[in-house]
Structure formats: C-alpha cells, structure tokens
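J.: My structure is below; once you've seen it, I'll send some questions.
Protein chains in written order, with the working numbering: chain L, 1 to 531; chain Z, 532 to 926.
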C-alpha cells in the first residue's frame with residue numbers, strides 16, 4: 001500500500017501544530033441561488049491533522065460549501081487552495097484525484113455487493129487490462145482497516161453490515177482513493193451512542209496520521225468532544241471560529257441560531273390525571289415473524305410524559321406501531337379510555353384522538369412531493385371543513401395551512417411548495433403542526449427531534465410540554481437518552497421486547513438508565529425492576 | 532426563505548442571475564410538456580429518415596428528398612383537412628382517451644396497468660352481448676344497458692389484478708399481462724362457440740341493433756366521442772379535486788405515509804384498478820357499439836397498449852391525454868391518405884409511435900441532450916414504471 005503522504009506529526013489539540021500550513025483553504029466563497037445567498041464570503045481553513053467541525057443549523061449553507069469543495073457546485077466568487085495552490089475543482093472525480101473524500105450522510109453503497117466491490121466501484125484495481133485484482137484490493141482494504149483500528153471482512157455483503165460498519169466502508173472508500181481531506185456530513189446522525197464512540201476513535205487515528213477532517217454536525221456536545229476547531233455558519237456566513245476549550249454548548253448554540261437558546265426546556269410540574277391508555281400483556285411480531293414485543297404492560301396517564309428508553313431495535317418500533325394501529329398485535333390489549341382499540345384501524349384510532357409523530361418522517365410522516373398544505377391535512381382531508389362528502393374544499397385546506405404555518409413557525413415560501421423542499425426542521429414542524437392540532441387524547445412521539453437543529457428542538461420540546469400541561473397523555477420513545485431525561489415524567493426501559501425497569505423522570509441518573517438500556521438489568525434495585 | 536438544497540447529492544444547474552418570473556403552474560406545465568414535445572419532434576425526424584430510405588427501395592431507385600414532406604402533408608390533410616377527416620380523427624382518438632386514462636389513473640396510484648387491452652376486450656364483449664340481447668328495445672333503454680354492461684365487465688377485469696395485488700402482493704404488471712392473454716383466448720372461444728350468432732359466414736355475435744351508438748351533430752361522429760370528452764373533466768375532478776383522488780395520489784406517492792395517515796392502501800389499490808378497468812372497458816364499448824356493431828371472432832386491437840403511449844405522452848394528466856389521443860388518433864385517421872398520395876405504408880405510423888415511446892422512456896437522456904431542467908422529482912408515471920421493473924423497491 002502506498003503511504004498517504006503527509007509526514008506531519010499532528011497531535012490532537014496540540015497548539016504547536018496551529019502554525020502548520022493549511023491543507024485546505026477556502027477564501028471568500030460566495031454562492032447564490034435564486035432568492036438566497038447560500039454562501040456569503042465564507043472563509044474556511046483546515047490544517048493537516050486537524051478535525052475541523054462545521055457547525056450550523058439546517059439550511060445554513062454547510063452542505064453548499066461542501067458541495068463546492070467536492071466539485072458538485074461551482075462558486076460564484078472565491079477561491080480554493082490546496083496546500084497553498086489555487087485550484088479549480090471541476091467535478092467529484094477531480095476532487096477525488098486531488099485527495100478530497102466525502103462521506104455522505106446517506107450512504108452511497110450497493111447493499112448486495114461485497115465490501116471490496118463497493119470500495120472498488122469506480123476505481124478498480126486491475127491485475128491486467130481485463131481482470132480486477134481482487135486479491136490485492138482485499139489486502140489493501142484489510143490493511144487500511146487495521147491501520148485505523150478496525151478489522152473489516154472484505155467479503156461481507158454491505159447490506160448485511162450494521163449502519164456503523166457501512167459508514168466505515170464509506171470512509172475506507174475515501175481512504176482507498178488516498179483522500180487526505182475527509183468530509184463527513186453528519187456522520188453520527190444514524191449511529192447509536194456506542195457506534196459514535198467507535199467512529200470517533202477512528203477519526204482521531206486518521207487525524208493523528210495527518211489527515212484533515214471536516215466534521216459537519218449540529219450536535220453541540222459531539223462537536224465539543226471531537227473537534228480541534230469549530231467554525232460556525234449562520235445564514236451563509238461564518239459567524240465565528242472557536243476552540244473547544246474556550247467555548248461551551250450555550251455559546252455555540254447562540255452563535256448558530258443567532259439568539260439565546262434554551263438548551264433544556266423548563267418543564268415545570270406535571271399533574272398526571274386518570275389513566276388514558278392501558279397496555280396489557282401486549283405481544284407484537286415484526287415483519288420477519290419474530291416476537292419483538294413480548295408481554296408489555298403499562299399505563300399512560302393524562303398530563304404526563306412517559307418516556308420509553310432503549311437501544312434502537314429492542315421492540316420500540318413495533319410497540320409504537322401496535323399502539324397507533326400500523327401493526328396488528330398478536331396478543332394482549334390496548335385500551336383507550338376503557339375501549340379496546342387493539343383491533344381498530346389507524347383511522348378509527350386517530351378519530352379517537354391519537355396523534356403520532358413517526359420515527360422516519362420522510363417515509364411515514366410526509367408525502368414529500370405534495371405541497372405543505374396537503375401534508376397538513378394528510379389525516380383529516382376527508383372531514384369537514386376540508387371536505388364535504390367526496391368534494392375537497394381546497395380553500396379550507398389553504399386557510400388552515402396558513403394558520404398552522406404561522407402558529408408553528410414553519411419556514412416556507414408558501415403553503416403550495418412541496419414539503420420535500422423544506423429543511424428537515426421545518427418538515428418536522430409540518431408533522432408536529434398536523435399531529436398536535438385538534439383534540440388530542442394521546443400523542444405518540446417516536447424520536448421527535450432526531451437530526452434537527454437546536455432551534456427546532458427547542459420549539460418542539462416546548463410544544464410537547466404545552467400539550468402535556470393541557471392534559472394530553474404523551475408517550476415519548478427515543479434512543480436518545482438525553483431527550484427522555486429532559487422531558488419525561490416517568491421513564492421505562494425497553495430491553496429485548498420487555499419493559500425491564502422504571503425510573504422517576506426527575507431523579508433518574510443518566511448512567512443508571514444507560515446501564516439498564518445496555519444490559520437489561522438494574523444494578524441496585526434488581527428486585528423491584530419489573531414494575 | 533427558500534433554502535439551498537440541504538444535502539442534495541447533485542447541486543442544481545447553475546442558474547442565470549434573475550430567472551424570468553412566470554406563473555408557477557404555467558412554468559411547470561411548460562416544463563412538463565417539453566420532453567413529450569421533443570419526443571414527438573424527434574420521432575417525426577426519425578420517421579422522415581425512414582421514409583427517405585424507403586424511397587431507395589422503389590423503382591427507379593434514388594432518394595426523393597421531398598417524400599417526407601409529401602407524406603406528412605398528406606397525413607395532416609387526412610387528419611384535419613376536411614370535416615370528414617376531423618370526424619375520423621375524433622372517432623379514432625376517443626377510445627385512446629379512455630385507454631390513456633385507464634393507464635394514466637393507474638400511474639397516479641403507483642400502478643402500471645398493462646392490462647387495459649384485456650379490460651377493453653371484456654368491456655367490448657359484454658357490451659356486444661347485452662347490446663344484442665336488448666337490440667330491439669328502444670335506444671334510450673338499450674344504450675345505457677349495453678354501455679353499463681361494458682363498464683362493469685371492464686371494471687371486473689381490472690378488479691382481479693387489483694385484489695391480487697392488494698391481498699397477495701402479486702405484481703400488477705405480471706397479472707395484467709396474463710389476464711390480457713386470458714381475455715383474448717376466453718372471449719375468442721366464447722364467440723366462436725357458445726355465442727356464435729347464426730347466419731353469418733364468420734363467427735361473430737349478433738347485431739347490437741338499437742344499442743349502437745347513434746351519430747350526433749354530423750355523420751360519422753358517434754355518441755362515444757361525447758362520452759370520451761366527458762370522461763376527461765370527470766376524471767380530472769376525481770383525481771385532483773375529490774377525496775378519493777387525494778387517497779389515490781397519496782398511495783401512489785407514498786403508500787407508507789398513506790397507511791400512517793389512516794388511509795387503506797389496499798382498498799385504494801383495488802378501487803383504482805377497478806376504475807382503470809372501467810375506463811378501458813369504455814374504450815371497448817366505443818369500438819363495438821360505436822364502430823363495429825358486433826363482436827367479431829377475431830377482434831385484434833392494440834388500443835389498450837397504445838393507451839400506455841398516450842398516458843406517458845400526456846404525462847398522466849387529462850389535458851395531456853387529450854392532446855396525445857388527438858395526435859395518435861389523427862395519425863391513424865390520416866394514414867390511409869398518406870398511403871394513397873405518397874405511397875408510404877400506413878405502418879409507418881406504428882414506427883413513429885414506437886419512436887415517441889422510446890424517447891419518452893429515455894426521459895433523462897432527452898433532458899440531458901436538450902438541456903431541459905427537471906422540476907422536482909421524476910414524473911410519477913416514470914417512477915411507477917421504474918419501480919415496476921425493480922428500479923427502486925416499492926414500499
């Protein structure tokens with residue numbers, strides 16, 4: 001294997017290195033799209049061996065800047081320097097040839113092909129003019145993996161790998177092409193906390209070898225943990241560059257959003273009332289026929305937020321789907337206000353006051369090609385005032401959309417643009433507006449703020465607390481423990497299809513809950529664990 | 532307020548500083564029609580080349596450069612040059628409107644209805660049978676009965692693949708192709724054997740008598756043409772303005788979101804396929820009650836498959852389907868005159884039609900070559916086709 005160049009001895013955070021010549025400099029980059037300046041004279045400088053975080057809200061211009069770097073877009077003004085040489089990057093192939101690698105948030109992998117085939121795709125290592133040198137390629141891939149601290153099976157089908165490993169394949173793809181500057185677009189958005197820790201280890205080793213890493217994120221604590229320097233972008237402009245040592249989460253959040261942000265909502269006192277939902281011995285199977293919810297029982301009271309914590313894949317999805325009606329349970333009861341609803345259709349349940357924010361907002365929550373106003377009435381389109389009989393009343397739809405856009409602060413040019421053109425945070429606000437409005441007895445929130453920026457998170461959390469105080473029973477399912485600890489009045493931990501422990505939301509300690517999530521066993525009070 | 536694409540893998544084409552402002556729906560309509568229009572133009576060019584080459588085959592050999600112009604002029608004259616020509620164009624276009632809708636409405640629900648031909652045959656057969664049975668009744672009674680029977684039979688033949696898809700997951704492309712073959716063979720057997728009308732040399736059903744669609748306004752323009760032109764606004768309203776249409780479009784765009792929102796994708800799939808069958812059945816009704824007058828033993832027709840071209844050319848929209856039907860119908864109407872005047876076989880029409888379809892299917896290639904920017908996602912009908920052939924897994 002050829003060495004990746006860069007003899008620079010770069011240590012993480014070591015101040016002596018700040019004098020090294022930048023590996024990449026972007027100067028005065030400006031990019032205009034009709035009606036918006038996506039990048040406004042942005043300067044960015046990344047040194048060899050540096051992990052440089054690019055922080056900003058959705059739509060701030062991070063992705064545009066990176067698309068320019070990767071040759072996917074051309075800047076209207078400004079210049080790019082690699083190792084002090086001004087360059088024009090024509091297209092991604094050019095960018096790759098110049099040592100720039102990009103790991104997209106949504107992986108660009110072929111699931112049925114092996115790790116080796118995926119890495120070779122587009123840059124085949126040839127044994128001769130006809131055949132690919134599989135053996136050599138495999139060897140290089142395994143070596144690369146070892147060098148950065150993981151052992152990868154070069155023959156595994158990519159589709160059979162976990163998300164964390166798929167991401168490593170993406171990184172390997174870039175390294176195989178001898179990338180010296182690696183751009184990672186929100187790499188942790190799809191990872192579990194454990195996988196995040198592992199990938200951080202990989203990134204640190206990459207940096208230690210002299211690679212430059214641009215780490216795009218809007219998770220503040222992650223950025224503080226991994227980055228050597230942090231550049232914050234707001235509305236297309238650089239609003240500040242910080243060293244992690246001299247900043248903190250609220251400082252960064254304020255830079256990002258442009259105003260003071262409440263990182264934790266003031267949740268106040270809850271006043272739980274009668275039990276609204278009773279789940280008794282619920283059993284549900286997943287698509288493959290495995291019983292993933294195995295005898296779950298709990299009560300959900302009016303005016304409380306019950307948090308279901310758990311590592312993803314412990315049956316939460318099936319539990320949520322069984323309560324909302326997307327999946328038929330194989331056993332047990334779900335009652336709403338003393339009526340058994342376990343066999344009712346989704347529509348009947350919605351009519352009884354169940355609102356639902358799905359975990360996968362683009363797959364379930366929205367029809368991306370439909371205008372915002374149609375998305376806002378996706379579940380109520382057939383009822384007055386939106387329809388009389390089979391006739392839709394478009395005027396009522398547009399009017400109520402205007403109200404919702406105003407009330408839920410949805411940033412959109414109009415109610416008629418396709419929902420898919422909005423930023424992630426605003427897409428989620430469309431869903432929140434739809435599911436929170438009307439008389440709601442129960443709200444099921446599945447990862448309601450995943451992938452959102454701090455401003456949107458703050459907004460959604462506040463709305464959730466308001467709903468709770470108005471007497472709605474709220475079931476909050478999240479793999480992000482911080483969110484549950486912040487909002488829930490009671491916390492239950494789901495482990496392998498069962499609820500194994502209950503905590504008081506105000507007194508629960510993060511580490512205790514995390515331990516139960518990981519092991520299914522509560523350390524001290526094992527006896528009363530099965531509440 | 533509009534934000535740059537958050538994580539679009541491909542950035543939009545660099546834009547001119549200040550794009551001319553056009554009303555959004557109009558701009559969209561123009562953009563949507565560009566590829567179909569380019570496809571038609573290209574197909575006419577290809578057709579012209581073939582006509583030129585064909586002149587090499589006749590005596591004396593030599594390229595007759597004026598021949599394509601002569602041929603196309605005759606085509607135009609034969610389709611629009613006289614009242615009779617226009618009537619023929621309308622009569623030819625009418626069943627295409629119905630089969631175009633039968634395929635186009637399916638596209639809206641994410642269904643690729645290749646079975647319009649079989650549905651058409653059953654519609655025509657049922658109309659012929661009931662028409663013959665009520666042939667002596669007054670037309671005011673006979674026509675609704677025969678037409679109704681045709682619609683029901685078509686709907687029933689569309690219901691089958693719909694139900695199979697909804698409840699077993701059987702793909703409609705496969706089932707409708709099979710049902711086409713079943714329809715051809717079954718009906719042919721019935722006409723040749725059980726329902727063969729006595730007294731004719733060739734097997735056929737009895738005459739439909741008073742159930743035949745009468746001419747309206749001018750000679751040759753039968754009532755079926757009015758049915759077809761009435762169907763367009765009705766279907767437009769149904770798909771774009773009614774609640775059931777909202778459900779159809781939602782299921783087509785995102786079946787998971789439809790289920791999540793409380794719709795029943797299964798129910799919608801069955802209803803949509805039955806509706807498609809009904810529309811295709813009407814095309815059969817028009818052919819039998821409006822043109823032929825009885826069901827012949829061999830009723831060879833490609834109207835159902837032409838419906839696919841019409842739906843694609845018309846971008847699965849009633850207005851587009853109207854224009855596409857008029858174009859294809861006009862070519863059929865004008866072809867005989869072209870054969871007489873330019874000595875070009877009528878089959879050249881099939882070539883042109885096939886080339887149109889070819890360029891429509893090569894949507895991205897055409898866009899690339901002619902620098903037509905796509906607005907938003909690929910048209911639903913193309914997404915449906917791609918999905919149908921395993922391009923992107925259907926949910």
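Where is the CB? At the ideal position from N, CA and C, for every residue including glycine.
1) Would the region 385-397 of chain L count as touching the region 352-362 of chain L if we require 3 or more Cβ pairs under 8 angstroms?
2) Quick check: residue 186 of chain L and residue 105 of chain L, are their CB atoms within less than 7 angstroms of each other?
3) Alpha carbon to alpha carbon, how far is residue 845 of chain Z from residue 782 of chain Z? Give it in angstroms, no decimals.
4) Tell me the DSSP secondary structure of residue 52 of chain L in three-state form.
5) List the residues of chain L that residue 785 of chain Z touches, going by C-beta distances under 7 angstroms, in chain order.
6) Expressed to the nearest angstrom, what Euclidean distance is found between the alpha-carbon atoms of residue 286 of chain L and residue 173 of chain L?
7) Could you give the DSSP three-state label for residue 234 of chain L: helix, strand or coil?
8) Taking Cβ-Cβ distances below 7 angstroms as the criterion, which residues of the region 170-189 of chain L are in contact with chain Z?
9) Can you give the beta carbon distance from residue 305 of chain L to residue 474 of chain L, rounded, assuming they're within the 8 angstroms contact cut?
10) Runs of 3 residues minimum, wholly inside the region 441-517 of chain L: which ones carry the beta strand (DSSP E) assignment?
11) Starting from residue 26 of chain L and walking both ways along the beta strand (DSSP E), at which residues does that stretch end?
12) Would the beta-carbon of residue 820 of chain Z fall within 7 angstroms of that of residue 743 of chain Z?
13) Can you check whether the CB of residue 29 of chain L is closer than 7 angstroms to the CB of residue 75 of chain L?
14) In three-state DSSP terms, what is residue 698 of chain Z?
15) Less than 7 angstroms between the beta carbons of residue 334 of chain L and residue 318 of chain L, yes or no?
16) So which residues of chain Z does residue 408 of chain L contact, with C-beta pairs closer than 8 angstroms?
17) Using the beta-carbon of each residue, which ones in chain L are nearer than 8 angstroms to residue 803 of chain Z?
18) Buried or exposed, going by whether 16 or more other CB atoms sit within 10 Å of the CB of residue 682 of chain Z?
19) Shortest alpha-carbon distance to residue 887 of chain Z belongs to which of Z:568, Z:706, Z:740?
20) Closest by CA to residue 646 of chain Z, which one among Z:611, Z:809, Z:739, Z:601?
21) Sort Z:584, Z:813, Z:911 by Cα distance to residue 762 of chain Z and report the nearest one.
22) In terms of residues, what are the limits of the beta strand (DSSP E) holding residue 182 of chain L?
23) Could you tell me which of L:236, L:406, L:509, L:436 sits nearest to residue 36 of chain L, measuring between CA atoms?
24) Between which residues of its own chain and residue 454 of chain L is the CB-CB distance below 8 angstroms, once the five residues before and five after are set aside?
25) Note the first and the last residue of the continuous beta strand (DSSP E) segment covering residue 292 of chain L.
26) Look at residue 610 of chain Z and residue 824 of chain Z and say whether their C-beta atoms are less than 7 angstroms apart.
27) Chain L partners of residue 915 of chain Z, CB-CB under 8 angstroms?
28) Applying the criterion that 16 or more other CB atoms from any shown protein chain within 10 Å of the CB defines a buried residue, is residue 650 of chain Z buried or exposed?
29) Exposed or buried, what is residue 429 of chain L when buried is set at 16 or more other beta-carbons lying within 10 Å of its beta-carbon?
30) Output yes or no for whether 7 angstroms exceeds the beta carbon distance between residue 55 of chain L and residue 26 of chain L.
31) In this structure, does DSSP put residue 332 of chain L in helix, strand or coil?
32) From residue 778 of chain Z to residue 373 of chain L, what distance separates their C-alpha atoms?
33) With 16 as the cutoff for other CB atoms within 10 Å, does residue 209 of chain L come out buried or exposed?
34) Would you identify the three-state DSSP class for residue 258 of chain L, choosing helix, strand or coil?
35) Could you tell me the alpha carbon to alpha carbon distance between residue 856 of chain Z and residue 764 of chain Z, rounded to whole angstroms?
36) Under 7 angstroms Cβ-Cβ, which residues of chain L neighbour residue 777 of chain Z?
T.: Let me spell this out:
1) no
2) yes
3) 21 angstroms
4) Strand at residue 52 of chain L.
5) 367
6) 33 angstroms
7) strand
8) Within the region 170-189 of chain L, those residues whose Cβ lies closer than 7 angstroms to any Cβ of chain Z are, in chain order, 185.
9) 4 angstroms
10) 442-446, 473-478, 490-495, 498-504
11) 24-33
12) yes
13) yes
14) helix
15) no
16) By Cβ distance, chain Z contributes nothing, its closest Cβ being about 15 angstroms from residue 408 of chain L, past 8 angstroms.
17) Per Cβ cutoff of 8 angstroms: no residues; residue 803 of chain Z is ~15 angstroms from chain L at best.
18) buried
19) Restricting attention to Z:568, Z:706, Z:740, the CA atom closest to the CA of residue 887 of chain Z is found in Z:568.
20) Z:809
21) Z:813
22) In this chain, the beta strand (DSSP E) harbouring residue 182 of chain L covers 181-185.
23) L:236
24) 57, 218, 220, 253, 256, 257, 261, 263
25) 291-301
26) Taking 7 angstroms as the Cβ cut-off, residue 610 of chain Z and residue 824 of chain Z do not qualify as a contacting pair.
27) Chain L residues near residue 915 of chain Z: none, gap ~13 angstroms exceeds 8 angstroms.
28) buried
29) It counts as buried.
30) No, the Cβ-Cβ distance between residue 55 of chain L and residue 26 of chain L is not below 7 angstroms.
31) strand
32) 15 angstroms
33) buried
34) coil
35) 15 angstroms
36) 381, 392
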